[in-house]
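No gaps in the numbering here: position 147 of the sequence shown is 144 in the working numbering, and each next residue is one more.
Think of the CB as a built atom: it goes at the ideal place given N, C-alpha and C, for glycine as much as any other residue.
Down below is the structure, laid out as structure tokens.
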Amino acid sequence: MKKIAIIGSGSWGVALAIHLAKQGHKIKIWSFSEEEKDLINNEKKCKFLPDAKIPEGVICTNSYKEAIEGTDFIIHVTPSKFTRNIVKEYKQYVTNQPIVICSKGFEKDSLMTLDEVIQEEIPNAKIAVLSGPSHAEEVSVAIPTVLVVASKYDAVLKLVQDTFMCDKMRIYTSKDVKGVELGGALKNIIAFCAGVAAGIGLGDNTFAALITRGLAELSRLGVALGGQKETLYGLSGLGDLIVTCLSEHSRNRRAGKLIGQGKSLEETKKEVGMTIESIDNIDVAYELGKIHGIEMPIVEAVYGILYENLKPEEAVNALMNRKRKSED
């Protein structure tokens, strides 16, 4: 039995808590919200996961100290834009526990990946990244799921693999921290594009092309940023890309669909009601592409839709009429 802190009480944090508690581990979730804490502790429910029942082994607290002290490892699963400030608040309670990043995204101002942000705040932290095709709604009700954990520390890889694995969850290991993290961060942007395509009534041919060419874009950028191409064609890249682009569970796809249907950015954020990592990170990917000289026409098109008043139909037309070239 492990004692585990989960920093973040959103759908993914609670889904992981449910999974781990079912394996016999003791879980303490940190939440900034008194309302969410009371709902988890008193009613054993999560407002983001209406079909899930939270086991008795899960406790929620608003205290970092209570959540972290005495634990075997920490799972960090807050929105990327809040990561640095939250780490600043809890790092005083971290001793030698590994930190497993389950958030997906970048820090907007610095263009850093989240492992870089946490390593900067806690230089001695032993960091892992857990990612892959995984909707919280499905993990919370024990639908079989396969993920990959990456770390440069063998002991951390073994700890995470042993703790999470069961007949409902399979965990592969990797040493490519950057590749696993970038796959999870960049696929959200392509999923947003898939939603836009759905919103303007495009079909399966378009989705297949978008996934394939989107993977080419995120792989080019991922390799430029230090990831391995093989990783980006694995669970955390291609796998997560497929599930996020095609499923109605995906808030990134849903947000793109609303934009495609003519909603404003503010209307979309309000209707989705949860953090939309793709919107927070599209401009980061756009800037990184420019900095590294990477050709990213899909990312540039969706950047135009969000920030330059480009109509989705015009973006599609521009993509389809790019100059002729070979597939690469």
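Where residue i sits in the DSSP three-state scheme
i      : result
ILE71  : strand
SER275 : helix
MET317 : helix
TYR169 : strand
GLU104 : strand
LYS19  : helix
ILE3   : strand
VAL296 : helix
LYS25  : strand
CYS163 : strand
LEU156 : helix
THR92  : coil
VAL136 : helix
SER128 : strand
LEU307 : coil
ILE98  : strand
ALA282 : helix
ALA147 : strand
CA-to-CA distance, residue j to residue i, given in whole angstroms
i      : j      : result
ALA312 : PRO52  : 47 Å
LEU17  : ALA315 : 47 Å
ILE187 : LEU255 : 15 Å
GLY198 : SER244 : 16 Å
GLU40  : PRO309 : 43 Å
LYS320 : LYS149 : 42 Å
VAL167 : GLY253 : The residue you asked about is not Val; residue 167 is Arg in the sequence shown. The straight-line gap from Cα to Cα measures roughly 30 Å.
PHE79  : GLU86  : 11 Å
GLY224 : TYR230 : 11 Å
VAL177 : GLU113 : 13 Å
ASP201 : ASN59  : 45 Å
LYS260 : LYS165 : 38 Å
TRP9   : GLN158 : 18 Å
PHE70  : THR272 : 25 Å
GLU274 : LEU154 : 26 Å
TYR300 : LEU262 : 12 Å
ARG251 : PHE45  : 15 Å
LYS404 : GLU33  : Any answer about residue 404 is impossible in this case: the structure gives the chain only from -2 up to 325.
LYS101 : ASP35  : 27 Å
GLU104 : GLU117 : 12 Å
ASP106 : ILE288 : 14 Å
8 Å contact criterion, which residue i and residue j should meet: CB distance rounded
i       : j      : result
ILE295  : ARG210 : 6 Å
LEU108  : ILE98  : LEU108 to ILE98, Cβ: 17 Å. No contact.
ALA122  : VAL91  : 7 Å
GLY196  : ASP237 : Actually they are not in contact, since the Cβ atoms of GLY196 and ASP237 sit about 21 Å apart, beyond 8 Å.
LEU235  : LEU183 : Rounded, the Cβ-Cβ distance is 11 Å, inconsistent with contact.
ILE115  : VAL143 : Not a contact, Cβ separation roughly 25 Å.
GLN89   : THR68  : Actually they are not in contact, since the Cβ atoms of GLN89 and THR68 sit about 14 Å apart, beyond 8 Å.
LYS(-1) : THR160 : 5 Å
GLY286  : LEU222 : The pair is not a contact, with the Cβ atoms about 10 Å apart (cut-off 8 Å).
VAL240  : HIS132 : 7 Å
PHE204  : ALA213 : That pair is no contact at about 15 Å.
VAL55   : ILE72  : About 13 Å separates the two Cβ atoms, so there is no contact after all.
State whether the segment 123 to 142 contacts the segment 292 to 309, with contact taken as three or more CB pairs (one from each stretch) at a distance under 8 Å.
-> As far as the Cβ criterion goes, the segment 123 to 142 does not touch the segment 292 to 309, which means the pair count is below three.
Determine, using beta-carbon pairs with one atom in the segment 276 to 293 and one in the segment 171 to 180, whether at least three such pairs fall under 8 Å.
-> The segment 276 to 293, when compared against the segment 171 to 180, does not touch it at the 8 Å Cβ threshold.
Cβ contact (3+ pairs, closer than 8 Å) linking the segment -1 to 14 and the segment 134 to 148 | yes
Evaluate contact between the segment -2 to 5 and the segment 19 to 38, counting only Cβ atoms and requiring at least three cross-stretch pairs below 8 Å.
-> Contact between the segment -2 to 5 and the segment 19 to 38 is present, with at least three C-beta pairs closer than 8 Å.
Uninterrupted beta strand (DSSP E) stretches inside the segment 34 to 83 (no shorter than 3 residues) | 55 to 58, 70 to 73, all fully within the segment 34 to 83.
Secondary structure, beta strand (DSSP E): runs of 3+ residues fully inside the segment 195 to 266 = none
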